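> Here the sequence shown is numbered in numbering that gives the first Met the number 0, starting from 0 and rising by one per residue.
Virtual Cβ for every residue (Gly too), placed ideally from N, Cα, C.
The model shown is predicted, which means the values in this text are computed figures rather than measured ones.
Pasting a structure here, questions to come.
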Amino acid sequence: MKLSVFGIGYVGCVSAACFANSGHDVTGVDLNATKVEIINSGKSPIVEAGIDELIGAMVTAGRLRATTNSAEAVTNSDVSLVCVGTPSNPNGSLDLDHVKHVCEEIGAALKLKEDRHTVVIRSTMLPGTVEGLVVPTLEESSGKRAGVDFQARRRRVLNTRCQPTINPRRGSHGPPACRRLPSCNAHELECRP
Ligand SMILES: NC(=O)c1ccc[n+]([C@@H]2O[C@H](COP(=O)([O-])OP(=O)(O)OC[C@H]3O[C@@H](n4cnc5c(N)ncnc54)[C@H](O)[C@@H]3O)[C@@H](O)[C@H]2O)c1
0 MKLSVFGIGY VGCVSAACFA NSGHDVTGVD LNATKVEIIN SGKSPIVEAG
50 IDELIGAMVT AGRLRATTNS AEAVTNSDVS LVCVGTPSNP NGSLDLDHVK
100 HVCEEIGAAL KLKEDRHTVV IRSTMLPGTV EGLVVPTLEE SSGKRAGVDF
150 QARRRRVLNT RCQPTINPRR GSHGPPACRR LPSCNAHELE CRP
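Encoded structure:
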């Protein structure tokens, strides 16, 4: 599978590296050019046990790269995983500006793409946000229809560590563990399409 991972912070980096380690072709996308350069040099922009080595190995293997060009990343992938930040507003609600902005970018790229595309949101969101924000934003910016030309769904973020990939063990919560890599939620898309 070809994946584009939007937001290469803690969640995005681990997801991108783990999916690449599972054999997928992964492109990380971030507004921050420094993070993009760090990944492309085979290093990690985040601190996490094992991630530096994993990113280095995946970049060397040619299965992981990063870019600031979201249109190119969408065009060259089948699935986009949205992992951008959703900080808290002063009133405690979630600031969804980054999610909306990424959906606008993905939608603009989908306008020019003929193949069907899947958008999966891993950023923290309340139930109903896919229907209330993600789908309308993608439809408006792409001029296409959800469920017809593309699909959008939300996935819970259960694990932001790559250690389970390197040293598999069953997690204490979340969905039934994947048989191949117990507790590694990077397999969620493969195991639970
Ligand atoms: N870090 C955790 O332990 C954790 C755990 C559970 C859930 N989450 C959720 O996952 C999401 C991401 O968290 P994180 O800790 O990885 O955030 P982060 O701040 O580490 O990374 C977010 C990244 O998104 C990038 N970004 C912002 N707008 C963008 C855009 N338009 N296009 C491309 N990139 C863009 C930022 O530059 C940044 O690199 C949040 O919703 C958070 O609540 C995080």
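Would you mind working out which of Leu93, Val35, Glu52 and Val10 sits nearest Ala72, comparing C-alpha positions?
Looking up residue 72 in the sequence shown gives position 73. Of Leu93, Val35, Glu52 and Val10, the residue nearest in Cα terms is Val35.
> For a test of your reading of the model: does the CB of Arg121 fall under 7 angstroms from any non-hydrogen atom of ligand 1? Yes or no.
For the purposes of this step, residue 121 is identified with residue 122 of the sequence shown, where counting begins at 1. For ligand 1, at least one heavy atom lies less than 7 angstroms from the Cβ of Arg121.
> By how many angstroms is the C-alpha of Ala70 removed from the C-alpha of Ile105?
By one-based count along the sequence shown, residue 105 stands at place 106. By one-based count along the sequence shown, residue 70 stands at place 71. In a straight line, the C-alpha of Ile105 is about 7 angstroms away from that of Ala70.
> In chain order, what residues of the same chain have a beta carbon less than 6 angstroms from the beta carbon of Ala32, not counting five sequence neighbours either side?
In the sequence shown, residue 32 corresponds to position 33, counting from 1. Around Ala32: Thr67.
> Could you tell me whether the region 55-66 touches the region 77-85, where touching means 3 or more Cβ pairs closer than 8 angstroms?
Taking 8 angstroms as the limit for Cβ pairs, the verdict is that the region 77-85 does not touch the region 55-66.
> Which first and last residues belong to the alpha helix (DSSP H) in which Ala151 is found?
As a position in the sequence shown, residue 151 is number 152, starting the count at 1. From DSSP, Ala151 is part of no alpha helix (DSSP H) but of the beta strand (DSSP E) over Phe149 to Arg153.
> Pop quiz: Val4 and Leu80 are said to be a contact at Cβ under 8 angstroms. What is the actual Cβ separation, rounded to whole angstroms?
For this step, residue 4 is matched to residue 5 along the sequence shown. For this step, residue 80 is matched to residue 81 along the sequence shown. Between Leu80 and Val4 the Cβ distance is about 5 angstroms, and since that is below 8 angstroms, they are a contact.
> For Asp29, verify whether its CB is less than 7 angstroms away from any heavy atom of ligand 1.
Counting from one through the sequence shown, the residue named residue 29 turns up at place 30. Checking the Cβ of Asp29 against ligand 1 gives yes.
> Could you please give the first and the last residue of the uninterrupted beta strand (DSSP E) stretch that includes Thr117?
Within the sequence shown, numbered from 1, the residue matching residue 117 stands at position 118. Here the beta strand (DSSP E) through Thr117 covers His116 to Ile120.
> Excluding sequence positions up to five away, which residues of its chain have a Cβ less than 6 angstroms from the Cβ of Ala107?
The residue given as residue 107 occupies position 108 in the sequence shown. The residues are Ser140.
> Nearest-angstrom Cα distance between Thr117 and Pro126?
Translated into the one-based positions of the sequence shown, residue 117 becomes position 118. Translated into the one-based positions of the sequence shown, residue 126 becomes position 127. Cα-Cα distance, rounded: 18 angstroms.
> DSSP beta-bridge partners for Gly27?
Position 28 of the sequence shown, counted from the first residue, corresponds to residue 27. BP columns for Gly27 point to Val4 and Ala65.
> Please classify Gly131 as buried or exposed, where buried requires at least 16 other C-beta atoms within 10 Å of its C-beta.
Working through the sequence shown from its first residue, we reach residue 131 at position 132. The residue is exposed, with fewer than 16 neighbouring Cβ atoms inside 10 Å.
> According to DSSP, is Ala32 helix, strand or coil?
Counted from its first residue, the sequence shown places residue 32 at position 33. Here Ala32 sits in helix by DSSP.
> In the DSSP assignment, find the unbroken alpha helix (DSSP H) run with Val58 in it and report its ends.
Here residue 58 is taken as the residue at index 59 of the sequence shown, counted from 1. Element bounds for Val58: Ile50 to Ala60.
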